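Asks: Same order as they appear, the protein sequences are chains A and B. UniProt numbering applies: residue 1 is where the first sequence begins, and numbers increase by one. UniProt numbering applies: residue 1 is where the second sequence begins, and numbers increase by one. A virtual CB, placed ideally from N, CA and C, is assigned to each residue, including glycine. From a predicted model like this one, the values you see are computed outputs, not experimental measurements.
Number of protein chains: 2
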Amino acid sequence: MEAKTLLKEHIAKTVSLTEEEFDYFFSHFKSLSFKKGQTIISAGDKVDCEYFVISGCLKAFYINDEIKMYILQFAMPTWWTSDYNALYNQTPAAINVDCITDAEVLCLSNSDREKLCAEFHQVEHFFRWRTNKGYIASQKRLLSFMNNNVKIRYEELLALYPQLYNLVPKHLIAAYLGVSRETLSRLYNS
Amino acid sequence: MEAKTLLKEHIAKTVSLTEEEFDYFFSHFKSLSFKKGQTIISAGDKVDCEYFVISGCLKAFYINDEIKMYILQFAMPTWWTSDYNALYNQTPAAINVDCITDAEVLCLSNSDREKLCAEFHQVEHFFRWRTNKGYIASQKRLLSFMNNNVKIRYEELLALYPQLYNLVPKHLIAAYLGVSRETLSRLYNS
DNA sequence: TTGGTTACGTGATGTAGATCACATTCTTAT
DNA sequence: ATAAGAATGTGATCTACATCACGTAACCAA
Numbered sequence: 001m002e003a004k005t006l007l008k009e010h011i012a013k014t015v016s017l018t019e020e021e022f023d024y025f026f027s028h029f030k031s032l033s034f035k036k037g038q039t040i041i042s043a044g045d046k047v048d049c050e051y052f053v054i055s056g057c058l059k060a061f062y063i064n065d066e067i068k069m070y071i072l073q074f075a076m077p078t079w080w081t082s083d084y085n086a087l088y089n090q091t092p093a094a095i096n097v098d099c100i101t102d103a104e105v106l107c108l109s110n111s112d113r114e115k116l117c118a119e120f121h122q123v124e125h126f127f128r129w130r131t132n133k134g135y136i137a138s139q140k141r142l143l144s145f146m147n148n149n150v151k152i153r154y155e156e157l158l159a160l161y162p163q164l165y166n167l168v169p170k171h172l173i174a175a176y177l178g179v180s181r182e183t184l185s186r187l188y189n190s
Numbered sequence: 001m002e003a004k005t006l007l008k009e010h011i012a013k014t015v016s017l018t019e020e021e022f023d024y025f026f027s028h029f030k031s032l033s034f035k036k037g038q039t040i041i042s043a044g045d046k047v048d049c050e051y052f053v054i055s056g057c058l059k060a061f062y063i064n065d066e067i068k069m070y071i072l073q074f075a076m077p078t079w080w081t082s083d084y085n086a087l088y089n090q091t092p093a094a095i096n097v098d099c100i101t102d103a104e105v106l107c108l109s110n111s112d113r114e115k116l117c118a119e120f121h122q123v124e125h126f127f128r129w130r131t132n133k134g135y136i137a138s139q140k141r142l143l144s145f146m147n148n149n150v151k152i153r154y155e156e157l158l159a160l161y162p163q164l165y166n167l168v169p170k171h172l173i174a175a176y177l178g179v180s181r182e183t184l185s186r187l188y189n190s
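Now the structure itself:
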């Protein structure tokens with residue numbers, strides 16, 4: 001689907017904008033294409049934008065002591081991603097975002113988002129709801145982390161995002177679950 | 001500090017409301033007092049409100065198989081708490097909220113919040129920022145969970161909220177860290 | 001085609017933290 | 001004041017998962 005249509009339908013699920021309002025809104029986004037493996041945000045970078053995924057799959061991840069990787073989020077079409085801490089607080093990125101597959105994204109700068117939120121009450125409403133959903137999902141994941149062992153978390157993940165199983169290598173799924181690739185391998189071969 | 005003043009100063013950190021606007025905003029809150037140990041939300045309940053803490057300390061927690069407790073959040077003065085998943089999606093509460101100490105809270109219904117957000121762009125802005133902060137904090141905690149062992153998480157918690165050390169029993173701190181009370185005990189006696 | 005890199009499987013062993021059990025102290029209610 | 005229940009400390013043992021080590025298969029790029 002075309003980028004503009006995808007974003008339009010995504011927004012329309014939460015708020016109603018007129019044709020002109022949406023066109024104006026959309027004019028603040030920049031379209032970017034990336035190849036598999038390319039980096040969108042590197043730890044240490046200044047972060048100016050958040051990204052809306054049109055096609056492909058990204059990962060947002062943290063690297064500990066240059067050794068271990070923990071995946072905070074897989075970003076699929078219609079998902080938003082960035083280092084929001086860095087973006088909102090104007091601090092250097094602590095996490096990285098890169099492309100698991102070739103990807104097309106729309107990029108919105110922090111200042112444009114704030115401008116659009118100030119100009120259109122409806123846009124502010126949209127972003128409030130989007131963040132709400134993210135917050136709730138994050139709380140759920142935290143709880144699952146505390147409450148469930150790896151096997152259950154693995155099954156939850158596949159139930160929620162079945163497409164991941166074929167799309168992303170298993171060691172990345174392990175990095176999302178916070179478990180070693182060996183343990184994950186033993187888990188589903190039994 | 002008086003409830004109204006506390007809320008007013010809290011809101012003023014993010015947005016500017018006129019005297020009349022704030023009075024109108026405030027008129028939607030109900031003041032409630034609880035004794036230590038009293039329950040505010042029980043798992044299974046319908047959840048209608050979110051709560052702004054004026055004094056005392058609450059905990060929001062999940063109970064697994066009627067045995068293990070995991071604390072999602074300690075709520076101190078000027079913090080907001082509820083079961084947001086239940087509140088926004090109108091599902092029965094999955095988590096509980098109760099009082100670690102005697103507490104005074106202001107209660108705002110979901111419908112009143114949405115009404116106020118629709119009526120005042122500034123109020124919508126305030127709630128967007130509040131949720132943003134919560135989301136960022138939740139992501140940080142998740143990352144710390146994956147990345148750090150109990151000792152480091154314990155030190156992080158005390159660095160962030162030194163007042164907790166004297167205020168809440170250690171087994172609750174263990175429940176926040178997702179660790180057994182025995183392990184926590186051994187940890188800080190060494 | 002070949003050589004190098006990445007993904008994946010699997011055994012052996014190590015370890016952080018859980019669980020169980022029981023003792024001690026501190027709170028709270030009557 | 002006293003009894004009962006909460007909170008805490010500490011040893012012994014168990015277990016889920018990490019780590020290390022090595023092997024094979026798949027996927028590339030020259």
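Which of the three DSSP states, helix, strand or coil, is assigned to Ile63/A?
Replies: DSSP places Ile63/A in strand when its eight states are reduced to three.
Asks: For a quick check, are the C-beta atoms of Phe52/A and Trp80/A less than 8 Å apart?
Replies: For Phe52/A and Trp80/A, yes; Cβs fall inside 8 Å.
Asks: Can you list, in chain order, the residues of the stretch 132-157 of chain B whose Cβ is nearer than 8 Å to any Cβ on chain A?
Replies: Within the stretch 132-157 of chain B, the residues whose Cβ lies closer than 8 Å to some Cβ of chain A are Asn132, Gly134, Tyr135, Ile136, Ser138, Gln139, Lys140, Arg141, Leu142, Leu143, Phe145, Met146, Asn147, listed in chain order.
Asks: Is Gly56/B close to chain A, meaning its C-beta is less than 8 Å from at least one C-beta of that chain?
Replies: No, because no Cβ of chain A sits closer than 8 Å to the Cβ of Gly56/B.
Asks: Are the C-beta of Arg181/B and some C-beta of chain A separated by less than 8 Å?
Replies: Chain A contact via Cβ: absent.
Asks: Are the CB atoms of Tyr84/A and Ile136/B within a distance shorter than 8 Å?
Replies: Yes, Cβ-Cβ distance for Ile136/B and Tyr84/A is below 8 Å.
Asks: So if I threshold CB-CB distances at 7 Å, which residues from the UniProt domain "Cyclic nucleotide-binding" (16-116) of chain A count as touching chain B?
Replies: Within the UniProt domain "Cyclic nucleotide-binding" (16-116) of chain A, the residues whose Cβ lies closer than 7 Å to some Cβ of chain B are Tyr62, Asn64, Tyr70, Leu72, Tyr84, Asn85, Tyr88, listed in chain order.
Asks: Within 10 angstroms of the Cβ of His171/B, are there 16 or more other Cβ atoms? Answer buried if so, exposed if not.
Replies: Exposed.
Asks: Span of the beta strand (DSSP E) holding Lys13/B?
Replies: No beta strand (DSSP E) contains Lys13/B, which DSSP labels as neither H nor E.
Asks: What does Phe52/B pair with, by DSSP beta-bridge criteria?
Replies: Answer is Trp80/B, Leu106/B, bridged to Phe52/B.
Asks: Are Ile100/A and Lys59/A touching if we call contact CB-CB under 8 Å?
Replies: Yes, these two residues count as a Cβ contact at 8 Å.
Asks: Strictly under 8 Å for the Cβ-Cβ distance: is His125/B near chain A by that measure?
Replies: Yes, because at least one Cβ of chain A sits closer than 8 Å to the Cβ of His125/B.
Asks: Here's the rule: buried if 16 or more other CB atoms are within 10 angstroms of the residue's CB, otherwise exposed. What is Tyr165/A?
Replies: Per the 10 Å Cβ criterion, exposed.
Asks: Since His121/B meets chain A, which of its residues come closer than 7 Å, beta carbon to beta carbon?
Replies: Within 7 Å Cβ-Cβ: His121, Glu124.
Asks: Whose C-beta lies closer than 8 Å to the C-beta of Tyr161/B among residues of the same chain, with five residues either side of it excluded?
Replies: Excluding positions up to five away in sequence, the list reads Phe74, Met76.
Asks: List, in chain order, every chain A residue whose beta-carbon is nearer than 7 Å to that of Arg186/B.
Replies: Here the premise fails: no neighbours, minimum Cβ distance about 20 Å.
Asks: Specify, as a first and last residue, the run of the beta strand (DSSP E) that Met69/B falls within.
Replies: First-last of the beta strand (DSSP E) with Met69/B: 68-75.
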